[in-house]
Every structure is written in C-alpha cells, then in structure tokens.
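Each residue of the sequence shown is one higher than the last, beginning at 1416 in the numbering used here.
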Amino acid sequence: MKIDVVSIFPGYFDALELSLLGKARQRGLIDLRVHDLRESAHDKHRTVDDTPTGGGAGMVMKPEPWGAALDAVLTADDAGDDPLVIFPSPAGDVFTQAMARELADESHLVFGCGRYEGIDQRVFDEYASRGRVRLVSIGDYVLNGGEVATIAMIEAIGRLVPGVVGNPESLVEESHEEDGLLEYPSYTKPATWRDRAVPEVLLSGNHAAITQWRQEQRVERTRRVRPELLPWALRGDTRGRHAADD
Ligand code: 6GU
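So this is what it looks like as structure tokens:
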C-alpha cells in the first residue's frame, strides 16, 4: 500500500518509524511518504495561511500550496493508480474499525492534514471533481490539526494490510472485530500477584469453559461500558428491537 501525507509538521510522523508499522515499511509492505506543505509555498515567506474571506477568527490555509502539493502527489506513476484523498476533519464521517477495513483494501491513500481553521473549501471541491475525496473525523472532540488523527488512522489501517501483523488470528479476537464486542480481560503469570489471583477457570485446562467465560466477560464489559454496541437481544432491553439497531 502506498500512503502519501501532506502536512506543515512532517516531524509528527516520525512515530510511524517505530514498532510494527516501522517494520512493515522496512519490509516494503507500506510505502509511506511525508511531504512538507511549505515546500509547495513559493512566495518568499513560504506562506500557507491567510485571513478568512468575509471575516472571522483564525486563519485559513491557502489553496495554492495545497494545489501544488496534491498535484505532485497525485501525478500517477502507474496507470492503475486510483488514489483516495482523505482530509482529516472534525466535520467528516466518523472513523471506525469498519472504515479501517475498507481503507486497508485501497492501494493508494493520500492524507491532507489541515491546521488553523481549516483549508480553503475550493481545495476539497477541486479534488472531489477530479477523483475520490473523503472527510474523516476520529471522534467528537477537537484537535489542533489533522496530524494526530492521521497517525491514528494509518496505524489502524496499516495493521490490517496483509503481512503487517505476523499472526493474522490476533486480528480477529479483538475489540470491535468479528461480533463488535469489547475484548475479554487478559492475564499472564504469576498466578497470584499482590494477593490478586488469576480467575480460577483460566487455570482449569477446560478449554470449553474458558471460551464460555471469556465470551461472558466480553458481553458483561460491553454492557457496562458501551451498551450501544450490544446486539439488542443481549442488551437486557425489554422494549425489544428498535430503529436505532438498524
Ligand atoms: Cl480528523 N481533525 C481535527 N482537527 N480534530 C479532530 C479530528 C480531526 N477528529 C476529531 N477531532
């Protein structure tokens, strides 16, 4: 998978040289390139922002540097290239595990990280008229820019790219995967730590009992923390099925 990122703070993305994603890049599974937007600003001061037309607080990112940077990244070097451009934005569709799975099937992702009060609307309109563009939010809170959101998305998407995670089975038994329930609690040795014993069933050697206990823990935890994720039949909801389940 090819990933291009455009940002005025390329240093944020140094974190993606670490751990699993860093190894995947070394192995050639993920070709990640980070581009400094300022290098596409051609005036003396390399200006990337200006005051909002019509007035208001803050600054807006100018269209010209974005046009130059995105044109350079979208110049297809292979004929089958059909890039998807993602602008991280609190005004976008909410990023989920389902969206991560969808995006892991793409061959070329381009992330345009805005700062300040956002990017001039004509940049979105221009690239939406030429190809595929999505605005994506990572949740209902406000960050100072798209960089941290992009790192989160690249990590969630990248680990689903075939070969990145060594044991593909470890991708299945996780929160939000398979049946949408949260994970069961995990334990390792020693069997007792600070007077806290590991649940007895896990030491029983009874694999059927362990599987059942873990599933019960997943349902209980989900009911407690994220009841809206539970299928209606498991919610203990006597009103039965309602429209919000669909
Ligand atoms: Cl994608 N960007 C910004 N700036 N804030 C956010 C966000 C994205 N997702 C949630 N908050």
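Idealized CB from N, CA, C, for every residue including glycine.
Query: Please tell me whether, using a cut-off of 8 Å, the distance from the CB of Leu-1558 to the nearest non-hydrogen atom of ligand 1 is below it.; Result: yes
Query: Should Ala-1564 be counted as a contact of ligand 1 given a C-beta to heavy atom distance under 8 Å?; Result: yes
Query: Take every Cβ of the stretch 1497-1516, pair it with every Cβ of the stretch 1566-1581, and state whether three or more of those distances are shorter than 8 Å.; Result: yes
Query: Using the DSSP secondary-structure output, state which residues sit across from Asp-1419 in a beta bridge.; Result: Arg-1448, Val-1525
Query: Can you tell me whether Asp-1535 is buried or exposed, with buried defined as 16 or more other CB within 10 angstroms of its CB?; Result: buried
Query: Applying the 10 Å Cβ sphere with the 16-neighbour rule, what's the burial state of Ser-1422?; Result: buried
Query: Note down, in chain order, each residue of its chain lying with its Cβ closer than 8 Å to the Cβ of Arg-1650, except the 5 sequence neighbours on either side.; Result: Arg-1638, Pro-1642
Query: Any idea what DSSP makes of Ile-1501, helix, strand or coil?; Result: strand
Query: Using a 10 Å radius around the Cβ and a threshold of 16 neighbouring Cβ atoms, would you call Gly-1561 buried or exposed?; Result: buried
Query: In three-state DSSP terms, what is Val-1557?; Result: coil
Query: Hey, would you say Val-1563 sits closer than 9 Å to Ile-1418, going by beta carbons?; Result: no
Query: What I want to know is whether the C-beta of Gly-1534 ends up closer than 8 Å to one or more non-hydrogen atoms of ligand 1.; Result: Before going further, note that residue 1534 is Ile rather than Gly in the sequence given. Because no heavy atom of ligand 1 lies under 8 Å away, the Cβ of Ile-1534 does not count as near it: no.
Query: Check whether the stretch 1586-1595 touches the stretch 1616-1627, counting contact only when three or more Cβ pairs, one atom from each stretch, lie closer than 8 Å.; Result: no
Query: Straight-line CA distance for Arg-1611 to Gln-1627?; Result: 22 Å
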